[in-house]
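*Asks:*
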Amino acid sequence: MQGRKRTRDDPSSYPEKHNHERGRDESKRKRKKKKGEAPRAEATAPVEGGEEACRPAAKTSLSSLPVELIHEIHLYAKNPALTIVNRGFHAIFASCPPRYRAKYLLACWHEDYCYGFEPYPVRDPAPPHMPREQTDKRPRPELRWNSRFLPVLPTADFPHPLARSFQRSADHFVLDYCMRFPICDVRVLDAAEDLIRHRDEFGNIRLTTGLWRRRQDQRLYSFDQLASIGAVEEERPGTGQRLIWTIPDHLSCNELPKRLFQGLALPTTGPTDDTSALSMLDPMLVRHLKAFGPGPYPPPSKLMLLLSLFAQHVSTTAESTLSTLQLVNSFEGLPLVKAVFAQSLFLTNFLLALGAEPSRKSNLALYVAIRAGWIEGLRSMVERDEAKIESWKSALDAIHLWFLEKEGFGGQRRVCNDDEPVEACTTQTSNAIPDESRATSNMGTSTSASSNSNKKRRRLLDRARLEEKMIFEAVRYEKWDVANWIQGKGIVPDIVTIRLVEAKLADGRGPPSASASAPSSTSRPRSKPSSMSVSLGRDDSKHTKPRPKTSASPS
104 MQGRKRTRDD PSSYPEKHNH ERGRDESKRK RKKKKGEAPR AEATAPVEGG EEACRPAAKT
164 SLSSLPVELI HEIHLYAKNP ALTIVNRGFH AIFASCPPRY RAKYLLACWH EDYCYGFEPY
224 PVRDPAPPHM PREQTDKRPR PELRWNSRFL PVLPTADFPH PLARSFQRSA DHFVLDYCMR
284 FPICDVRVLD AAEDLIRHRD EFGNIRLTTG LWRRRQDQRL YSFDQLASIG AVEEERPGTG
344 QRLIWTIPDH LSCNELPKRL FQGLALPTTG PTDDTSALSM LDPMLVRHLK AFGPGPYPPP
404 SKLMLLLSLF AQHVSTTAES TLSTLQLVNS FEGLPLVKAV FAQSLFLTNF LLALGAEPSR
464 KSNLALYVAI RAGWIEGLRS MVERDEAKIE SWKSALDAIH LWFLEKEGFG GQRRVCNDDE
524 PVEACTTQTS NAIPDESRAT SNMGTSTSAS SNSNKKRRRL LDRARLEEKM IFEAVRYEKW
584 DVANWIQGKG IVPDIVTIRL VEAKLADGRG PPSASASAPS STSRPRSKPS SMSVSLGRDD
644 SKHTKPRPKT SASPS
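The C-terminal position of the sequence shown is numbered 658 in our numbering, with every residue numbered one higher than the one before it.
1) Between the Cα of LYS206 and those of HIS174, LEU481, PRO402, spot the shortest distance and give me the residue it belongs to.
2) Rounding to the nearest angstrom, what Cα-Cα distance links GLU489 and LEU563 in this structure?
3) Going by CA-CA distance only, name the one from ALA567, ARG568, LEU603 that's closest to TRP583.
4) Compute the Euclidean distance between the alpha carbons of LYS393 and GLU479, then round it to the nearest angstrom.
5) Assuming ALA468 contacts VAL440 (C-beta within less than 8 Å), just tell me the rounded distance between them.
6) In whole angstroms, give me the CA-to-CA distance for SER435 and ILE299.
7) Assuming PRO201 contacts MET282 under a Cβ cut-off of 8 Å, what Cβ separation, rounded to an integer in Å, is found between them?
8) To the nearest angstrom, how far is it from the Cα of ARG204 to the Cα of PHE449?
9) From this set, GLU486, ARG612, TYR470, LYS607, which residue's C-alpha is nearest GLU571's C-alpha?
10) Starting from the Cα of PHE444, find the closest Cα among LEU384, LEU410, LEU481, LEU388 and give me that residue.
11) Is THR529 buried or exposed, if buried means 16 or more other CB atoms sit within 10 Å of its CB?
12) Note down the Cα distance separating ALA609 from ASP565, rounded to an integer number of angstroms.
13) If we count the other Cβ atoms within 10 Å of its Cβ and call it buried at 16 or more, is ILE615 buried or exposed?
14) Please report the distance separating the alpha-carbon of LEU278 from that of LEU292.
15) Taking the straight line between their C-alpha atoms, what separation do you get for SER379 and ALA294?
16) Which same chain residues end up closer than 6 Å to LEU412 when comparing Cβ atoms and leaving out the 5 residues on each side of it in sequence?
17) If you run the structure through DSSP and keep just helix, strand and coil, what is VAL595?
18) At a cut-off of 7 Å, would you count PHE453 as near the ligand MG, judging by its Cβ distance to the nearest heavy atom?
19) State yes or no: is the C-beta of ASN432 within less than 8 Å of the C-beta of SER483?
20) At which residues does the alpha helix (DSSP H) containing MET573 begin and terminate?
21) In this structure, does DSSP put PHE276 in helix, strand or coil?
22) What separation, rounded to the nearest whole angstrom, lies between the Cα atoms of ALA184 and PHE192?
23) According to the Cβ coordinates, are LEU437 and LYS405 closer than 8 Å?
24) Roughly how many whole angstroms lie between the Cα atoms of LEU172 and GLU296?
25) Buried or exposed for SER497, going by 16 or more other Cβ atoms inside 10 Å?
26) Could you check the C-alpha separation between PRO401 and GLU605 for me, to the nearest Å?
27) ALA210: which of ILE195, ASN182, ALA501 sits nearest, CA to CA?
28) Using only the alpha-carbon positions, how far apart do ARG97 and GLU486 sit?
29) Give the range of the alpha helix (DSSP H) segment to which MET407 is assigned.
30) Assuming MET387 and VAL289 are in contact, meaning their beta carbons sit under 8 Å apart, how far apart are those beta carbons, in whole angstroms?
31) Within this structure, are the beta carbons of LEU499 and ALA442 separated by less than 8 Å?
32) What distance in whole Å lies between the Cβ atoms of ALA577 and ILE473, which are believed to be in contact at a cut-off of 8 Å?
33) Please report the residue range of the alpha helix (DSSP H) in which PHE444 lies.
34) Looking only at its own chain, which residues have a Cβ that is under 8 Å from the Cβ of GLN365, when we skip the five neighbours before and after it?
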């Protein structure tokens, strides 16, 4: 069979040469384009619509989408790298509203801790020998609300076969998770709390945190019926009416985020008491904050978040309850250690007023203050002053009241008669509060402060116990004022500390009083022993030679 005759014009006969020629034509076309020559237009079939119909369609990119659609894509993707793709995306997400940020944080938390279990009524597998009649009579778990995902923290009011496993796995509350990220401030936290109250996915959290209450009839009332309001009743004498003061109820928090204390540092240049961070706050709030002492202060955003946590998300701020102690002593007392490291007297006193314990983590906060030579903060952490405690409590009450007035609940009340139920009360507005003895900051003048000043101060126990190792650390870092103060608290140095003091005296690095001449060994000192002899742990009067007894001469 005779094959087809190959010709030179047949491209299949010389594929390599044809490819080479095609590459040569492309190179010529590129050179003409560089010289400015118009490329040869390709013949196209006529299309209806004229030249506009012949133009290629514009490419649709992610940047050309509307902002709302970009937000939805980011909300479903939950990828933090999308916000830094380019400058345009960074500007879009930097100016997003607080409610969208709250939605993003809640979506991330739901993916990390809820695991996407679909809720449906499930029975435990019945034994094969159990008859069908007994199988149908077994209790069947029920879902109290329609939800796409299974809420965490199951309780007796929300039975589920996986209750124990969920309690072990979902040990982080939703607000604690949201506050870990820098995008969460006071406005984002309020928006997240509002979403939790009104979404079915978080119904069980509302129940376990107190946003769903039980009344005297032992029935559950939802958030809409209670309006998340706690009532404080007050009877009017002689009128037969009750004043019910409304107080907002918030979700509880269990730990402080570490990022609130990461930026704290003692300023190397400039004054330590820098009040520039307080210039953006309300002057009335600043007045109450200054009751805790000078700075350095945290940034305004972190400071407001810290104040709102203790003023709104714990049961009370005047008394150190269990929830407050758990919050202020997060991560084994890390907030107090960071405050002492920055030598912020304001933050140290603020945490101490809320119940911070300096003895956490083997007295780490005390050792940080000793090594830094910060005797003012060390004295504040160890000693208890009744006058300071009262002033701190009044300042905390004033801060709590400031947040109540900011939310608009400080002046709401309902007047009820004795024969009327609480739900039938009429709402009135007032600028007063039920307690006439309103707590104010110690920065202002009050009659109670002057009356308490005449009383005798009580001797209160110290917050922490000092150790012999603390005076050794003070001598090791040559903090002689701290060493003398610790010794004045009744701590006796051991032999290792005494030898360390003698070695520093020999090197000329002893305390400032060591430059004075030592008392002679033949004369008894009449004055009180010097601080150097006390730091050595001995008394010179015991080491002097006794005088020889002389017989009385006869008269």
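Using N, Cα and C, we set each Cβ at its ideal position, and we do this for glycine too.
*Replies:* So, from the listed chains and residues:
1) Walking along the sequence shown from the start, residue 206 turns up at place 103. Considering only alpha carbons, the answer is HIS174.
2) Position 386 of the sequence shown, counted from the first residue, corresponds to residue 489. Position 460 of the sequence shown, counted from the first residue, corresponds to residue 563. Between GLU489 and LEU563, the C-alpha separation is close to 8 Å.
3) Working through the sequence shown from its first residue, we reach residue 583 at position 480. Of ALA567, ARG568, LEU603, the residue nearest in Cα terms is LEU603.
4) For the purposes of this step, residue 393 is taken as residue 290 along the sequence shown, with counting starting at 1. For the purposes of this step, residue 479 is taken as residue 376 along the sequence shown, with counting starting at 1. Between LYS393 and GLU479, the C-alpha separation is close to 17 Å.
5) Translated into the one-based positions of the sequence shown, residue 468 becomes position 365. Translated into the one-based positions of the sequence shown, residue 440 becomes position 337. The Cβ separation is near 5 Å, so the contact holds.
6) For the purposes of this step, residue 435 is taken as residue 332 along the sequence shown, with counting starting at 1. For the purposes of this step, residue 299 is taken as residue 196 along the sequence shown, with counting starting at 1. Per the sequence shown, the amino acid found at residue 435 is Glu instead of Ser. Rounded to whole angstroms, GLU435 to ILE299 spans 29 Å at the Cα level.
7) On the sequence shown, residue 201 is found 98 positions in, with the first residue counted as 1. On the sequence shown, residue 282 is found 179 positions in, with the first residue counted as 1. In fact, because the Cβ distance is near 14 Å, the residues do not count as touching under 8 Å.
8) Taking the sequence shown and counting its residues from 1, the one referred to as residue 204 is at position 101. Taking the sequence shown and counting its residues from 1, the one referred to as residue 449 is at position 346. ARG204 and PHE449: Cα-Cα distance of roughly 31 Å.
9) In the sequence shown, the residue the question calls residue 571 occupies position 468. Taking only the C-alpha atoms, the option nearest GLU571 is TYR470.
10) For the purposes of this step, residue 444 is taken as residue 341 along the sequence shown, with counting starting at 1. Among LEU384, LEU410, LEU481, LEU388, the Cα nearest to that of PHE444 belongs to LEU481.
11) Start at 1 with the first residue of the sequence shown, and residue 529 comes out as number 426. Low confidence applies here, because THR529 scores a pLDDT of 32, under 50, leaving its location unreliable and the question unanswered by this model.
12) On the sequence shown, residue 609 is found 506 positions in, with the first residue counted as 1. On the sequence shown, residue 565 is found 462 positions in, with the first residue counted as 1. Going by the C-alpha atoms only, they are around 36 Å apart.
13) Along the sequence shown, read from residue 1 onward, the residue named residue 615 stands at position 512. Here residue 615 turns out to be Pro, not Ile, going by the sequence shown. Looking at its Cβ environment, which holds fewer than 16 other Cβ atoms inside 10 Å, PRO615 is exposed.
14) Translated into the one-based positions of the sequence shown, residue 278 becomes position 175. Translated into the one-based positions of the sequence shown, residue 292 becomes position 189. Between LEU278 and LEU292, the C-alpha separation is close to 7 Å.
15) Locating residue 379 in the sequence shown gives position 276, where the first residue counts as 1. Locating residue 294 in the sequence shown gives position 191, where the first residue counts as 1. Near 28 Å, if we compare the C-alpha coordinates of ALA294 and SER379.
16) As a first step, residue 412 must be located in the sequence shown, where it is residue number 309. Taken in chain order, the residues that qualify are CYS356.
17) Stepping through the sequence shown from its first residue, residue 595 is reached at position 492. Of the three classes helix, strand and coil, the one that applies to VAL595 here is coil, per DSSP.
18) Absent from the structure shown: the ligand MG. Ligands present: none.
19) Walking along the sequence shown from the start, residue 432 turns up at place 329. Walking along the sequence shown from the start, residue 483 turns up at place 380. No, they are not a contact pair.
20) On the sequence shown, position 470 is the one that residue 573 refers to. First-last of the alpha helix (DSSP H) with MET573: 571–579.
21) Position 173 of the sequence shown holds residue 276. PHE276: coil per DSSP, three-state reduction.
22) Residue numbering aside, residue 184 sits at position 81 when the sequence shown is read from its first letter. Residue numbering aside, residue 192 sits at position 89 when the sequence shown is read from its first letter. Their backbone Cα atoms lie some 10 Å apart in a straight line.
23) Walking along the sequence shown from the start, residue 437 turns up at place 334. Walking along the sequence shown from the start, residue 405 turns up at place 302. Against a cut-off of 8 Å, the Cβ pair of LYS405 and LEU437 comes out as no contact.
24) Along the sequence shown, read from residue 1 onward, the residue named residue 172 stands at position 69. Along the sequence shown, read from residue 1 onward, the residue named residue 296 stands at position 193. Rounded to whole angstroms, LEU172 to GLU296 spans 24 Å at the Cα level.
25) Counting from 1 along the sequence shown, the entry for residue 497 is found at position 394. Classification of SER497: buried, given that the 10 Å Cβ count is 16 or more.
26) Position 298 of the sequence shown, counted from the first residue, corresponds to residue 401. Position 502 of the sequence shown, counted from the first residue, corresponds to residue 605. If you take the alpha carbons of PRO401 and GLU605, they lie about 42 Å apart.
27) Counted from its first residue, the sequence shown places residue 210 at position 107. Of the listed residues, the one whose Cα sits closest to ALA210 is ASN182.
28) Shown here, the chain extends from 104 to 658; a query on residue 97 therefore has no answer.
29) Along the sequence shown, one-based indexing puts residue 407 at 304. Note, MET407: alpha helix (DSSP H), 403–415.
30) Taking the sequence shown and counting its residues from 1, one reaches residue 387 at position 284. Taking the sequence shown and counting its residues from 1, one reaches residue 289 at position 186. With a Cβ gap of about 17 Å, MET387 and VAL289 do not count as contacting.
31) The sequence position of residue 499 within the sequence shown is 396, counting from 1. The sequence position of residue 442 within the sequence shown is 339, counting from 1. It is not a contact, given that the beta carbons lie outside the stated cut-off.
32) As a first step, residue 473 must be located in the sequence shown, where it is residue number 370. As a first step, residue 577 must be located in the sequence shown, where it is residue number 474. ILE473 to ALA577, Cβ: 5 Å. Contact.
33) Indexing the sequence shown from 1 puts residue 444 at position 341. Here the alpha helix (DSSP H) through PHE444 covers 433–444.
34) Position 262 of the sequence shown, counted from the start, is the residue given in the question as residue 365. Hits under 8 Å: LYS441.
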